[in-house]
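Below is one structure; the comments refer to it alone.
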DNA sequence: AAAGTTCTTGACCGATTGGTCAGGTTGCTT
DNA sequence: AAGCAACCTGACCAATCGGTCAAGAACTTT
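Residue numbers (the numbering used here), protein chains in the order written: chain E, 1085 to 1295; chain V, 1085 to 1295.
Listed below in structure tokens is the structure:
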């Protein structure tokens, strides 16, 4: 018996079931918070008995960590738009676009991440202290280089990044509020474009970048 | 027996005890979320038996609503800085200052509010639909007037407000993340001023206002 | 000091929680 | 068709949850 074959076969089914459960968990954690979420509800949303959820994820915390892992990877990947850009107009513009797309396509994940950080990051503090610190330092240096090259105003790179994070994630995390203030309807395509354009206009002009 | 005297006497003690419990509840709700918070923990933080907390607040939901009420009032009051301003530089500048002070002084309340909205505002959706819609409409009109008078660029007032909310509240809601990226230490006075200045510079320049 | 309120709290309750487990089913390998 | 590993789940458990209540303590008003 080939050692590789069994795990591969098994992995296919396992991976599929884990995907379904993770999707349900992401939704429930986002809507109820970690404390408010129950394994029973996650199981119901995933359409299977609670014991089956426990078969794939032994504890609630393990399941939660996997959900947070996922969104953090997506979050980091948005930096690809940032890197390799020739200047702030292209780099920051693309980063805003990418983050806004994440807010639109993964609102549940964004909320889970926000909840986690808001409650002091009890589960993923190691991520914050290592990966995020490193990520932020790198990006801040890129911005500082742009400043040194006279491509933008000398503002604090750190506070600029906070503004970008906060503003783009607002459309996911506070989506319910945005929707309520939009007459109770979610933003349509045009309105999402309007939001992106508004943010880019204000930020880019605000840091002295020519469009 | 004077009808007014008894309630007054009683009110003093009741008010003081409610204040202590509300303070503890705000902290616990902020740190654990509504679902994760327990009446037992709130009682422990307030330094009294659980039954005593239930004497002053019959249900968990009633206690929670009172906490949310408090922060919403403070949130609305920040608009005073907005009103009566002669132009966008003064008005928006003062609003940013006011919101940043709230983030610094009431971080727990801000988190409770954010949590509530993130989870679909199950408790205070009536507030959102009435008070907040009205508030936003009024403020958007003020901004539109400034635009019509040529005092600032023609940007979407609504998205500008979202940017202001998101950016200022980020320092409370994501305070743990900001602290981690600040070398594990809370922002000191100088750093808070730096944050305020950075935000004001970017936003005001971004909407075409002369400082 | 008696009467009447408000305040306080240990003990308790039914319901729900995260998690376990034994025993059965399924599906691939030989 | 026999064997084996992965998968499935109803029944169950100790712990904890929000909330109740009765009985007494503390304080005011007469």
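Just so you know, even glycine gets a beta-carbon here, dropped at the ideal spot from N, CA and C.
Extent of the continuous alpha helix (DSSP H) run through residue i
i	result
residue 1122 of chain E	Premise fails: residue 1122 of chain E is in no alpha helix (DSSP H) and is neither H nor E.
residue 1181 of chain V	1172-1189
residue 1132 of chain V	Run containing residue 1132 of chain V: none; DSSP gives neither H nor E here.
residue 1259 of chain V	1259-1265
residue 1143 of chain E	Unbroken run through residue 1143 of chain E: none, as it is neither H nor E.
residue 1290 of chain V	1273-1290
residue 1213 of chain E	Per DSSP, residue 1213 of chain E belongs to no alpha helix (DSSP H) and is neither H nor E.
residue 1166 of chain V	1163-1166
Residues near residue i by beta carbon distance below 8 Å, same chain, minus five either side
i	result
residue 1151 of chain E	1106, 1109, 1110, 1113, 1193, 1196
residue 1145 of chain V	1207
residue 1275 of chain V	1266
residue 1249 of chain V	1183
Exposure of residue i, with buried meaning 16 or more beta-carbon neighbours within 10 Å
i	result
residue 1264 of chain E	buried
residue 1261 of chain V	buried
residue 1290 of chain V	buried
residue 1206 of chain E	exposed
residue 1099 of chain V	exposed
residue 1277 of chain E	exposed
residue 1131 of chain V	exposed
residue 1253 of chain V	buried
residue 1160 of chain V	exposed
residue 1283 of chain V	buried
residue 1251 of chain E	buried
residue 1200 of chain E	buried
residue 1267 of chain E	exposed
Straight-line gap, residue i to residue j (C-alpha atoms, nearest Å)
i	j	result
residue 1269 of chain V	residue 1140 of chain V	37 Å
residue 1153 of chain E	residue 1198 of chain E	13 Å
residue 1258 of chain V	residue 1188 of chain E	20 Å
residue 1211 of chain E	residue 1221 of chain E	14 Å
residue 1215 of chain V	residue 1237 of chain V	28 Å
residue 1230 of chain V	residue 1172 of chain V	7 Å
residue 1209 of chain V	residue 1148 of chain V	14 Å
residue 1288 of chain V	residue 1292 of chain E	12 Å
residue 1124 of chain V	residue 1134 of chain V	5 Å
residue 1233 of chain V	residue 1244 of chain V	17 Å
residue 1286 of chain V	residue 1286 of chain E	8 Å
residue 1117 of chain E	residue 1294 of chain V	43 Å
residue 1246 of chain V	residue 1247 of chain E	11 Å
residue 1119 of chain E	residue 1121 of chain V	7 Å
residue 1167 of chain E	residue 1213 of chain E	22 Å
residue 1273 of chain V	residue 1143 of chain V	39 Å
residue 1255 of chain E	residue 1256 of chain V	17 Å
residue 1204 of chain V	residue 1102 of chain V	27 Å
residue 1217 of chain V	residue 1271 of chain E	16 Å
residue 1115 of chain E	residue 1235 of chain E	42 Å
7 Å CB neighbourhood of residue i in its chain, flanking five on each side removed
i	result
residue 1096 of chain E	none
residue 1169 of chain E	1175, 1178
residue 1162 of chain V	1179, 1182, 1183, 1186
residue 1190 of chain V	1155, 1158
residue 1241 of chain V	1224, 1227, 1228
residue 1137 of chain V	1105, 1123, 1126, 1127, 1130
residue 1219 of chain V	1160, 1163
residue 1280 of chain V	1180, 1181, 1184
Residues near residue i by beta carbon distance below 6 Å, same chain, minus five either side
i	result
residue 1239 of chain E	1291
residue 1165 of chain V	1178, 1179, 1182
residue 1202 of chain V	none
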